[in-house]
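Asker:
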Amino acid sequence: MWVVLAVFLLSCSQLASQIYIPVLPTLGQSLAISETASQALIASYYITLGMSQLITGPSRDRFGDKPVFIAGQMTLILGTLLCTLSQNATLFFIGRILQGIGAASPLLISRTVLSSKLQGPKLKSAMATMAIASSLTSILTPLISGVLSQWFGWQGMSGVLIGYYVLVTLFGLALLESTTNHANSVHPKFLVKQYRALLNQGPFLYVACIKWIPTFLYLTIQLYLPFFLSHTFGYNDHEIGQAMMIPMLGLLFGSTMAKVLQKRFAYLDLVLWFWPILLLGALLFAHTDAALGYLLAYALVMLVFGVYFPVYMHLIGVVEPNNAGTANALVGAVELLVFTLLALAINRWLLDSPLSVALFIGLCALFVLFAWYQLNTRRITELSTPITEK
0 MWVVLAVFLL
10 SCSQLASQIY
20 IPVLPTLGQS
30 LAISETASQA
40 LIASYYITLG
50 MSQLITGPSR
60 DRFGDKPVFI
70 AGQMTLILGT
80 LLCTLSQNAT
90 LFFIGRILQG
100 IGAASPLLIS
110 RTVLSSKLQG
120 PKLKSAMATM
130 AIASSLTSIL
140 TPLISGVLSQ
150 WFGWQGMSGV
160 LIGYYVLVTL
170 FGLALLESTT
180 NHANSVHPKF
190 LVKQYRALLN
200 QGPFLYVACI
210 KWIPTFLYLT
220 IQLYLPFFLS
230 HTFGYNDHEI
240 GQAMMIPMLG
250 LLFGSTMAKV
260 LQKRFAYLDL
270 VLWFWPILLL
280 GALLFAHTDA
290 ALGYLLAYAL
300 VMLVFGVYFP
310 VYMHLIGVVE
320 PNNAGTANAL
330 VGAVELLVFT
340 LLALAINRWL
350 LDSPLSVALF
360 IGLCALFVLF
370 AWYQLNTRRI
380 TELSTPITEK
């Protein structure tokens, strides 16, 4: 039951982040804004999600899951309501900001509730199962978006989303408990000190890179591809939604492989073995001229993302076992604050062709390899042990 809850909680953030991607061209036309502005409206969610995690993580460690969950869900529902009612870019922008603030709590609790309820092999298996379910959500969301926007328009699609959030809220209220931990403080000075200490720890930073770099690739290409498919191949919203399912199949395949392989092989080995697939994706981006080729190239990148996510979830619990909420919050905040802004800047000034996307992927792959090398040379036993041996 806890795995089911974690999946539903994670889906709240996933739907808020992904459901508007296939309708980006239509959204821009409806609100009378440019492509860059419509990308910024979508990215505003990621930025506020990252900022709010800096408070949500320590608050969860201090006050427990239930009160933080309630506050987050109410804010998320309010933000989605504003998106539903918006007739201009300003109101939609405010709605996206509230969505980002609210989604931080279900996103964070989805990652920590399992570690607080399960242990050992059961925990690792549950994490892998959640990664697979997350991949399925990512696959279905573009299709759902395309269908709902075709039936009800993008505003009606937002209304359907509100109903789903209400159901998840009721489910969470039935299971989550009200617990407190007076040992943790949420005073700003304490939080700054705690975050600074984490950022000064080499193992934490290198483990975080296993999550940061694939997320950076995802954010950047996800903002680039819908407009590229629309301009180059004439795809409409429904066709973009269907097309974006292909890369997400790579995510599902990767997370499924991770669930199987992590039972027999070391976690750091998985990082290294799947690293060359990033280079294959870059090569395909550079040498294809077909829509399917670009989608398959993105699918290879997402396959690596699918493998690395459960690996990261295990490794971060090893390096920071006593501050899971705070550590995950910092990782999430940095990737969404820093890398969302970078993704916007790269789309605005650097990505002007598939070749530039290929070069970008290759550069990111070098950073992943460096992080793996640093972790591997430290020879931390817990970082390289299969679950069945623990």
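Per numbering that gives the first Met the number 0, the sequence shown starts with residue 0, numbered consecutively. All residues carry an ideal CB built from backbone N, CA and C; glycine is no exception.
How about the region 24-35 and the region 247-261: do they share at least three Cβ pairs that are nearer than 8 Å?
Answerer: With a cut-off of 8 Å, the region 247-261 and the region 24-35 do not count as touching, because too few Cβ pairs lie within range.
Asker: What is the rounded straight-line gap between the Cα of Thr140 and the Cα of Thr287?
Answerer: As a position in the sequence shown, residue 140 is number 141, starting the count at 1. As a position in the sequence shown, residue 287 is number 288, starting the count at 1. Cα to Cα, Thr140 sits roughly 26 Å from Thr287.
Asker: Closer than 7 Å by C-beta to Met244: which residues in its own chain qualify, once you throw out the five before and the five after it? Chain order, please.
Answerer: Translated into positions along the sequence shown, residue 244 becomes position 245. Cβ within range, chain order: Ile138, Pro141, Leu142.
Asker: Excluding five sequence neighbours on each side, which residues of the same chain lie with their C-beta closer than 7 Å to the C-beta of Ala332?
Answerer: By 1-based counting over the sequence shown, the position of residue 332 is 333. Around Ala332: Gly49, Met50, Gln52, Leu53.
Asker: If I measure Cβ to Cβ from Leu8 and keep anything under 6 Å in the same chain, skipping five residues before and after, which residues do I get?
Answerer: Along the sequence shown, read from residue 1 onward, the residue named residue 8 stands at position 9. Taken in chain order, the residues that qualify are Pro105, Ile108, Ser109.
Asker: Got a sec? Which residues, its chain only, sit under 7 Å from Val6 by beta carbon, not counting five neighbours each side?
Answerer: Taking the sequence shown and counting its residues from 1, the one referred to as residue 6 is at position 7. Excluding the 5 residues flanking it on each side, Val6 has same chain C-beta neighbours closer than 7 Å at Met129, Ala132, in chain order.
Asker: Looking at Gly78 and Gly101, is the spacing between their C-beta atoms short of 8 Å?
Answerer: Stepping through the sequence shown from its first residue, residue 101 is reached at position 102. Stepping through the sequence shown from its first residue, residue 78 is reached at position 79. Yes. Within cutoff.
Asker: Quick check on DSSP: helix, strand or coil for Ala370?
Answerer: Mapped onto the sequence shown, residue 370 falls at position 371. Ala370 falls in the helix class under three-state DSSP.
Asker: Check whether the region 220-240 and the region 290-307 are in contact - that is, three or more C-beta pairs closer than 8 Å.
Answerer: yes
Asker: Taking the C-alpha atoms as reference points, what is the distance between Gln211 and Lys65?
Answerer: For the purposes of this step, residue 211 is identified with residue 212 of the sequence shown, where counting begins at 1. For the purposes of this step, residue 65 is identified with residue 66 of the sequence shown, where counting begins at 1. It is worth fixing the name first, because residue 211 is Trp in this sequence and not Gln. If I take the Cα positions, the gap works out to 28 Å.
Asker: Whether or not the region 343-353 and the region 205-223 are in contact is what I'm after, with contact meaning three or more pairs of Cβ atoms, one per stretch, closer than 8 Å; do they touch?
Answerer: Segments in contact, yes.
Asker: How is the alpha helix (DSSP H) around Ala289 delimited, first residue to last?
Answerer: As a working note, residue 289 is residue 290 in the sequence shown. Taken as a continuous stretch (DSSP letters only), Ala289 belongs to no alpha helix (DSSP H), as it is neither H nor E.
Asker: Tell me which same chain residues have a C-beta within less than 8 Å of the C-beta of Val167, skipping the five on either side of it?
Answerer: Working through the sequence shown from its first residue, we reach residue 167 at position 168. Answer for Val167: Phe7, Leu8, Ser10, Cys11, Gln72, Pro105, listed in chain order.
Asker: On the three-state DSSP scale, how would you describe Lys389?
Answerer: If you number the sequence shown from 1, residue 389 lands on position 390. Unreliable placement is indicated for Lys389, whose pLDDT of 41 sits below 50; the coordinate value is still reported in the next sentence. In the displayed model, Lys389 falls within coil according to three-state DSSP, outside both helix and strand.
Asker: Tell me which same chain residues have a C-beta within less than 8 Å of the C-beta of Thr387, skipping the five on either side of it?
Answerer: Numbered from its first residue, the sequence shown carries residue 387 at position 388. Only weak support is given to the placement of Thr387: the predicted model assigns it a pLDDT of 47, under 50, and the value that follows is read from those uncertain coordinates. Excluding sequence neighbours, Thr387 sits near Pro120, Lys262, Arg263.
Asker: Pop quiz: Pro246 and Ala289 are said to be a contact at Cβ under 8 Å. What is the actual Cβ separation, rounded to whole angstroms?
Answerer: The sequence position of residue 246 within the sequence shown is 247, counting from 1. The sequence position of residue 289 within the sequence shown is 290, counting from 1. Between Pro246 and Ala289 a beta carbon distance of about 15 Å is seen, past the 8 Å cut, so the two are scored as non-contacting.
Asker: Less than 7 Å between C-beta atoms, sequence neighbours within five positions excluded: which residues of the same chain meet that for Tyr194?
Answerer: Reading the sequence shown from its first residue, position 195 is the one you call residue 194. Hits under 7 Å: Leu329.
Asker: According to DSSP, is Arg263 helix, strand or coil?
Answerer: If you number the sequence shown from 1, residue 263 lands on position 264. Here Arg263 sits in coil by DSSP.
Asker: Given that a residue counts as buried once 16 or more other Cβ atoms are within 10 Å of its Cβ, and exposed if not, what is Arg377?
Answerer: Within the sequence shown, residue 377 is the residue found at index 378, counting from 1. Result: exposed.
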